[in-house]
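Heads up: the sequence shown begins at 0 in numbering that gives the first Met the number 0, then just goes up one per residue.
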Amino acid sequence: MLAIFYIVITFLSGHTSARVLRHWEDLGLLTADRSPHGHRRYGPGQVTRLYRALALRRTGLGLSQIAALLDEQDPDPVTTLRAHVAELQEDLRRRGELYDRLAGVLASLEDTCLTDSGEDQQAQVLMKVIETMTMFEQYVHGYQTEENRRLHDQAGTLVELLHGDTGYPPGTTVLEVGCGVGAQTITLAQRSPGAVLTCVDVSADSLTEARRRVTAAGLDTGTVAFMQADVFDLPHDEGPLSAGRFDHVFVCFLLEHLPRPGEALTRLRAMLKPGGMITVIEGDHGSTYFHPDSEPARDAIACQVTLQHHAGGDALIGRRLYPLLTGAGYGEVSVSPRQVYVDATRPDLVDGFIRKTFTAMIEGVRQPAIAAGLIDAERFDHGIRDLHRTTEPDGVFCYTFFKATATT
Ligand SMILES: C[S@@+](CC[C@H](N)C(=O)[O-])C[C@H]1O[C@@H](n2cnc3c(N)ncnc32)[C@H](O)[C@@H]1O
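In structure tokens form, the structure reads like this:
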């Protein structure tokens with residue numbers, strides 16, 4: 000009989016090696032009896048427990064969580080499982096993003112004429128995948144704190160230029176998508192007292208920070224709600240993010256990061272009530288010029304544009320707002336260029352825009368640009384020095400944002 004159980008356990012464990020079973024024993028997840036010769040023996044109760052542990056393991060739960068569940072030591076199994084489902088959801092989102100980015104690279108490779116053959120072509124393909132992953136990792140993980148600071152400085156510096164004509168009447172419902180750490184949310188809420196804002200982002204960490212900032216700014220948290228959502232999952236079938244619930248949709252610096260901005264705009268149109276209005280703000284790095292002019296500085300900027308393109312985004316998207324919005328079925332599309340012009344008479348913009356926003360953003364791609372072989376370190380650093388040079392008393396810097404409004 001015991002031999003049969005031993006066979007069952009070998010069958011159940013499949014690729015579970017003796018070493019793994021020993022490890023599970025060490026953790027108290029499984030116990031085994033010993034034969035007189037010291038061999039492990041499993042009785043019916045132990046086989047059932049192993050069967051259950053393997054089933055739970057396939058859900059991705061950790062071994063200590065499984066042990067606590069099987070021993071009925073977990074005080075709140077439902078909460079444990081809910082937390083696990085949330086982790087799986089986040090994992091799926093990240094994998095989806097990775098999928099989109101790699102699919103974007105492949106599409107861009109198909110568009111690009113790769114004339115070289117053999118090893119050269121393989122090297123190009125590999126290099127593009129490496130660039131993409133470097134940008135992806137940097138954006139998703141390490142880059143965010145710096146990026147958040149930059150967005151915050153940018154939002155503060157450019158409030159009048161970008162938002163002077165934005166304000167939503169009391170009682171209207173506004174959906175902000177890709178709210179990040181709330182840099183624009185605060186301005187929107189301050190300029191729209193009584194409007195009800197729902198702000199979504201895919202990043203749970205950014206939402207936590209956005210909530211903190213809105214509270215710290217003393218805003219009425221009763222009229223600003225934050226939710227985690229992916230624009231490509233909108234509208235939801237039911238609930239606060241279902242179709243046709245909003246008078247206004249607001250997006251700022253979101254489309255430039257998306258692999259399919261047209262699809263995102265179509266999904267956002269579905270979120271609006273009939274006659275509702277969308278506002279979109281995006282930059283366009285091709286609109287950058289400065290004095291003294293510098294080829295190395297332009298090369299460093301081009302690295303950012305190339306890397307963002309390979310990562311599935313478009314740093315030149317400002318100029319595409321009109322075709323994107325009309326293509327997504329919106330009417331009354333109106334785009335207005337908002338030029339930032341900076342010289343020594345605007346020391347706030349010299350610091351807030353040239354140094355802390357634009358140059359900081361270009362400096363942020365130093366590592367992937369060099370790693371990808373787009374530029375050498377010396378030329379990149381020369382370019383950055385020349386961008387800083389434009390902050391001197393005779394320097395001038397110009398950049399154009401594009402703000403569009405449109406109706407359903
Ligand atoms: C450059 S930040 C802009 C944040 C904010 N709108 C601002 O202007 O400060 C882009 C934001 O879009 C979010 N995002 C990226 N892809 C998204 C998606 N598929 N759905 C929703 N948000 C997304 C990112 O997490 C990030 O917070």
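C-beta: ideal position from N, C-alpha, C; glycine also. Small disclaimer: the values here were computed from a predicted structure and weren't measured.
Rounded distance between the beta-carbons of residue j and residue i, thought under 8 Å
i      : j      : result
Arg378 : Asp298 : 6 Å
Val332 : Leu315 : Their Cβ separation, rounded to whole angstroms, is 19 Å, which puts Val332 and Leu315 out of contact at 8 Å.
Ala269 : Pro322 : Contact flag wrong, Cβ pair sits at about 20 Å.
Leu257 : Gly312 : 7 Å
Ile65  : Leu28  : 6 Å
Ala52  : Leu80  : The pair is not a contact, with the Cβ atoms about 15 Å apart (cut-off 8 Å).
Leu160 : Val334 : In fact, because the Cβ distance is near 15 Å, the residues do not count as touching under 8 Å.
Leu240 : Ala228 : 6 Å
Sub-9 Å separation of residue i and residue j beta-carbons
i      : j      : result
Ser200 : Ala209 : Inspection of the sequence shows that residue 200 is occupied by Asp rather than by Ser. Yes, they are a contact pair.
Val279 : Leu320 : yes
Ser286 : Arg388 : no
His381 : Pro295 : yes
Phe289 : Phe401 : no
Phe231 : Glu262 : yes
Thr207 : Leu174 : no
Val128 : Val104 : yes
Ile369 : Leu386 : no
Arg33  : Arg39  : yes
Gly181 : Val213 : yes
Glu71  : Ala203 : no
Reference residue i; option with closest CA among the options
i      : options                           : result
Tyr329 : Leu125, Ile65 and Leu264          : Leu264
Gly275 : Glu71, Thr171 and Pro346          : Thr171
Thr407 : Ile277, Pro295, Thr356 and Ala376 : Ile277
Glu391 : Ala403, Ile353 and Ile361         : Ile353
Pro192 : Arg212, Gly166 and Glu237         : Gly166
Leu271 : Thr404, Pro260 and His247         : His247
Ala403 : Lys355, Pro346, Gly317 and Asp350 : Gly317
Thr222 : Thr78, Ala194 and Asp385          : Ala194
Thr358 : Arg244, Asp342, Arg384 and Pro239 : Arg384
His83  : Gln120, Gly59, Gly238 and Ala301  : Gly59
Ala301 : Pro239, Tyr398 and Leu373         : Leu373
Gly44  : Ala17, Ala31, Gly363 and Gln183   : Ala31
Ala371 : Leu348, Ala17 and His309          : His309
Leu87  : Gly42, Ala242, Thr220 and Arg57   : Arg57
Arg259 : Tyr41, Asp375, Val46 and Tyr98    : Tyr98
Tyr398 : Arg365, Asp375, Thr356 and Val364 : Thr356
Backbone CA spacing between residue i and residue j [nearest angstrom]
i      : j      : result
Val176 : Glu255 : 13 Å
Ala54  : Val19  : 15 Å
Asp73  : Leu26  : 16 Å
Ala405 : Ile185 : 23 Å
Arg100 : Gln307 : 10 Å
Asp342 : Leu253 : 28 Å
Pro168 : Arg244 : 16 Å
Val139 : Arg93  : Per-residue confidence for Val139 stands at a pLDDT of 40, beneath the threshold of 50, marking its modelled position as unreliable; the derived number appears in the next sentence. In a straight line, the C-alpha of Val139 is about 9 Å away from that of Arg93.
Gly326 : Pro336 : 20 Å
Met226 : Pro367 : 32 Å
Ser63  : Ala102 : 37 Å
Arg190 : Glu96  : 33 Å
Ala17  : Ala242 : 54 Å
Pro346 : Gly394 : 11 Å
Asp350 : Asp75  : 52 Å
Arg211 : Asp375 : 40 Å
Gly409 : Val46  : A query on residue 409 cannot be resolved here, the shown segment of the chain reaching from 0 to 407 and no further.
Val124 : Pro273 : 45 Å
Ala106 : Leu324 : 22 Å
Val250 : Leu348 : 23 Å
Arg266 : Glu237 : 15 Å
Gly363 : Tyr50  : 50 Å
Ala85  : Asp164 : 39 Å
His42  : Ala122 : Sequence check: residue 42 is Gly here, not His. Their backbone Cα atoms lie some 57 Å apart in a straight line.
Which residues DSSP lists as bridging residue i, in chain order
i      : result
Leu196 : Val173 and Val223
Tyr288 : Cys397
Thr278 : Phe249 and Thr404
Arg57  : Paired residue(s): none; Arg57 is not in a bridge.
Tyr340 : Cys397
His235 : Ser241
Gly261 : DSSP output for Gly261 lists no bridge partner at all.
Leu271 : Phe245
Val334 : Ala403
Asp32  : Arg40
Residue i CB to nearest heavy atom of ligand 3 below 8 Å
i      : result
Asp229 : Because ligand 3 does not appear in the structure shown, any question about it cannot be addressed here, the ligands present being ligand 1.
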